[in-house]
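J.: Protein chains in written order, with the numbering used here: chain A, 410 to 589; chain B, 410 to 589.
2 protein chains.
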Amino acid sequence: METFATRGYHNASLAEIAERSGLTQAGVLHHFRSKAGLLTGVLDLRDQSDLAQLGEERPRGLAFLAHLVDTARRNAEREGIVRLYAVLSAESVTSGHPAQEYFRARYAGLRAMVVEAIGEAADAGEVPAGLDPRAAASAVMAVMDGLQVQWLLAPEAVDMAATTDLVIGALLGRPVPGGG
Amino acid sequence: METFATRGYHNASLAEIAERSGLTQAGVLHHFRSKAGLLTGVLDLRDQSDLAQLGEERPRGLAFLAHLVDTARRNAEREGIVRLYAVLSAESVTSGHPAQEYFRARYAGLRAMVVEAIGEAADAGEVPAGLDPRAAASAVMAVMDGLQVQWLLAPEAVDMAATTDLVIGALLGRPVPGGG
DNA sequence: GTCTATATTTGGATAGAC
DNA sequence: GTCTATCCAAATATAGAC
Numbered sequence: 410m411e412t413f414a415t416r417g418y419h420n421a422s423l424a425e426i427a428e429r430s431g432l433t434q435a436g437v438l439h440h441f442r443s444k445a446g447l448l449t450g451v452l453d454l455r456d457q458s459d460l461a462q463l464g465e466e467r468p469r470g471l472a473f474l475a476h477l478v479d480t481a482r483r484n485a486e487r488e489g490i491v492r493l494y495a496v497l498s499a500e501s502v503t504s505g506h507p508a509q510e511y512f513r514a515r516y517a518g519l520r521a522m523v524v525e526a527i528g529e530a531a532d533a534g535e536v537p538a539g540l541d542p543r544a545a546a547s548a549v550m551a552v553m554d555g556l557q558v559q560w561l562l563a564p565e566a567v568d569m570a571a572t573t574d575l576v577i578g579a580l581l582g583r584p585v586p587g588g589g
Numbered sequence: 410m411e412t413f414a415t416r417g418y419h420n421a422s423l424a425e426i427a428e429r430s431g432l433t434q435a436g437v438l439h440h441f442r443s444k445a446g447l448l449t450g451v452l453d454l455r456d457q458s459d460l461a462q463l464g465e466e467r468p469r470g471l472a473f474l475a476h477l478v479d480t481a482r483r484n485a486e487r488e489g490i491v492r493l494y495a496v497l498s499a500e501s502v503t504s505g506h507p508a509q510e511y512f513r514a515r516y517a518g519l520r521a522m523v524v525e526a527i528g529e530a531a532d533a534g535e536v537p538a539g540l541d542p543r544a545a546a547s548a549v550m551a552v553m554d555g556l557q558v559q560w561l562l563a564p565e566a567v568d569m570a571a572t573t574d575l576v577i578g579a580l581l582g583r584p585v586p587g588g589g
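#1: Locate the alpha helix (DSSP H) running through B/Ala-424, then write down its first and last residues.
#2: At which residues does the alpha helix (DSSP H) containing B/Asn-420 begin and terminate?
#3: Roughly how many angstroms separate the alpha carbons of B/Gly-589 and A/Pro-537, rounded to a whole number?
#4: Look at the alpha carbon of B/Thr-412 and the alpha carbon of A/Glu-535, and state the distance between them as a whole number of angstroms.
#5: For a contact meaning CB atoms closer than 8 Å, what does A/Val-502 contact in chain B?
#6: Does B/Leu-463 pass the burial test, meaning 16 or more other C-beta atoms within 10 Å, or should it be called exposed?
#7: Going by the C-beta, is A/Arg-469 closer than 7 Å to any heavy atom of the ligand SAM?
#8: Please go through the same chain and pick out, in chain order, the residues whose beta-carbon is closer than 7 Å to the beta-carbon of A/Val-523, but skip the five residues on each side of it.
#9: What separation, rounded to the nearest whole angstrom, lies between the Cα atoms of A/Gln-509 and A/Val-502?
#10: Measure the alpha-carbon distance for B/Ile-527 versus B/Val-558 and round it to whole angstroms.
#11: Can you find a C-beta in chain B that's less than 8 Å from the C-beta of A/Val-576?
#12: Could you give the first and the last residue of the continuous alpha helix (DSSP H) run that contains B/Gly-528?
#13: Once the 5 residues before and after A/Val-567 are set aside, which same chain residues still bring their CB inside 8 Å of it?
#14: Output needed for A/Thr-573: all residues of its chain with C-beta closer than 8 Å, excluding positions within five of it in sequence on either side, in chain order.
#15: Less than 8 Å separating the beta-carbons of A/Ala-424 and A/Val-496?
#16: Tell me the start and end of each unbroken alpha helix (DSSP H) in the segment 430-476 of chain B that is at least 4 residues and wholly inside, in chain order.
#17: Please classify A/Arg-487 as buried or exposed, where buried requires at least 16 other C-beta atoms within 10 Å of its C-beta.
#18: Grab me the residues of B/Leu-448's own chain with a C-beta within less than 7 Å of its C-beta, minus the 5 sequence neighbours each way, in chain order.
#19: Quick one: list the residues of chain A neighbouring B/Tyr-511, beta-carbon separation under 9 Å, in chain order.
#20: Given a cut-off of 8 Å on the beta-carbon distance, is the pair B/Leu-580 and B/Leu-540 in contact?
#21: Once DSSP output is grouped into helix, strand and coil, what is the label at B/Leu-540?
#22: For A/Arg-429, is the classification buried or exposed, using 16 other Cβ atoms within 10 angstroms of its Cβ as the cut-off for buried?
#23: Can you give the beta carbon distance from A/Arg-416 to B/Ser-504, rounded, assuming they're within the 8 Å contact cut?
#24: Any beta-carbon of chain A closer than 8 Å to the one on B/Ala-548?
#25: Could you give the DSSP three-state label for A/Met-410: helix, strand or coil?
#26: If you check the beta carbons only, do A/Gln-434 and A/Ala-445 fall under 8 Å apart?
#27: Since B/Ala-571 and A/Ala-544 should fall inside the 8 Å C-beta cutoff, what is the C-beta to C-beta distance between them, to a whole number of angstroms?
#28: Any C-beta of chain A sitting closer than 8 Å to the C-beta of B/Arg-442?
#29: Check whether the Cβ atoms of A/Ala-530 and A/Gly-470 sit closer than 8 Å, and answer yes or no.
#30: Would you say B/His-419 lies against chain A (beta-carbon separation less than 8 Å)?
#31: For B/Pro-584, does the three-state DSSP call read helix, strand or coil?
#32: Helix, strand or coil for A/Arg-487, going by three-state DSSP, please let me know.
#33: B/Val-451 to B/Ser-443, Cα distance in whole Å?
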């Protein structure tokens, strides 16, 4: 994980991964049939410990959106994870990238969850009437992703949690804090 | 540009770039002292034809934010450019990446421009009183960047211009279209 | 300014011993 | 399950002819 996060997929070498694992390069390839297989293994492992694992027991409605802000807050303490996903998700759009299908599915699944949560909030009358749930869902996800890149390049210039909260609040028509 | 956009920096090869340029690999390196030099050359060239070139003659206040929406709209017709920046900006956060300083400066400059535009709009009374200009600026940039990755992976699932407009409008307190 | 030729390094992957 | 040894391909970069 750390090597893919720090180097990206293509610039990561099995030699470095092996060294950090206390193995030889051949030893690593005994457990994964290829470098691409290792990457998907890393991504599958990661999946077991975060958002995608929420599944059917996720918070509902506004609580889910609040959970996204919490995730952004926790992410500020987990630079490695943030870097891994920020680098690999963008790299995955290059031709023939082994994680392309993974991220396509991840975004589709995540978008569906956010759309559903917004729909739940709308049913409870907590969302402006004309809001397009799909556009809003894409927007929330995009803000979180985009903030990560900015934050990785200049951590002191960006507050991921506060900014995510600002956008979600604005989309929901929440009055600006301290403002009119 | 096309090769770096399609492959990313590390996975792009001078051989491919040379072939697409009608040169040999040595011929390419006659004009650029290294692969890294070629990348910065591409980025500098690109800069002459878009946002960063706006400089002091940019639109002011809300007109600048409207210009960002226009940029998102035009980007939907320029997949190559979108891919180039989406891939390289994220890749640039990896250690030792040759475009890291370029993107750090680009984001800082862009953020300053958006902050200024929001300040102008605020002076004109067109912005909610409590809005944090720096957070809002980061948010707008982040939305645009994040949407690009989603759009590259699933173009039919994302409307970059409409979603950018949605977020800007929400931050400015504009009523939702068709809504209450 | 472009080429051929080549140096040099590094990459992923495989075979087979232990 | 881990190793050594090796293969083969590809990479960037340089030297020097034309």
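The beta-carbon is built from N, C-alpha and C at its ideal position, and this holds for glycine as well.
Predicted, not measured: the structure shown is a model, and the values here were computed from it.
T.: According to the structure data:
#1: Per DSSP, B/Ala-424 belongs to the alpha helix (DSSP H) from 423-430.
#2: Here B/Asn-420 belongs to no alpha helix (DSSP H), and DSSP marks it neither H nor E.
#3: With a pLDDT of only 45 at B/Gly-589, under 50, the local geometry of the prediction cannot be trusted, and the value read off the model is given with reservation. Taking the straight line from one Cα to the other gives about 6 Å.
#4: A direct Cα-to-Cα measurement between B/Thr-412 and A/Glu-535 gives close to 47 Å.
#5: Those within 8 Å of A/Val-502 in chain B are Arg-492, Ala-495, Val-496, Val-558, Leu-561, Leu-562.
#6: Label assigned to B/Leu-463: exposed.
#7: Annotation note on the ligand SAM: not contained in the displayed structure, which lists no ligands.
#8: When the five nearest sequence neighbours on each side are left out, the beta carbons in the same chain lying within less than 7 Å of the beta carbon of A/Val-523 are those of Ala-546, Val-549, Met-550, in order along the chain.
#9: Taking the straight line from one Cα to the other gives about 6 Å.
#10: Pairing B/Ile-527 with B/Val-558, the inter-Cα distance amounts to about 26 Å.
#11: Chain B contact via Cβ: present.
#12: 509-532 is the span of the alpha helix (DSSP H), which, as asked, contains B/Gly-528.
#13: Hits under 8 Å: Leu-556, Gln-559, Trp-560.
#14: Correct list, in chain order: Leu-477, Val-478, Ala-481, Val-549, Val-552, Met-553, Leu-556.
#15: No, the pair does not count as a contact, with Cβ atoms beyond the cut-off.
#16: Counting only unbroken stretches of 4 or more residues, the alpha helix (DSSP H) elements lying wholly within the segment 430-476 of chain B are 434-440, 444-456, in sequence order.
#17: Flag for A/Arg-487 reads exposed.
#18: Only Phe-413, Tyr-418, Pro-507, Ala-508 meet the Cβ criterion.
#19: The contacting residues do not exist; B/Tyr-511 stays about 10 Å from chain A at best.
#20: In this structure, B/Leu-580 places its C-beta atom within 8 Å of the C-beta atom of B/Leu-540.
#21: Coil at B/Leu-540, not helix or strand.
#22: Flag for A/Arg-429 reads exposed.
#23: In this structure, A/Arg-416 and B/Ser-504 form a Cβ contact; the two beta carbons are roughly 7 Å apart against a cut-off of 8 Å.
#24: It does: the Cβ of B/Ala-548 has a partner Cβ on chain A nearer than 8 Å.
#25: Coil.
#26: The beta carbons of A/Gln-434 and A/Ala-445 sit no closer together than 8 Å.
#27: Contact between B/Ala-571 and A/Ala-544 holds: their C-beta atoms lie close to 6 Å from each other, under 8 Å.
#28: Judged by the 8 Å Cβ criterion, B/Arg-442 is not in contact with chain A.
#29: Note that the C-beta distance between A/Ala-530 and A/Gly-470 is below 8 Å.
#30: So yes, B/His-419 belongs to the interface.
#31: B/Pro-584 falls in the coil class under three-state DSSP.
#32: When DSSP states are grouped into helix, strand and coil, A/Arg-487 belongs to the coil group.
#33: Whole-angstrom Cα-Cα distance: 12 Å.
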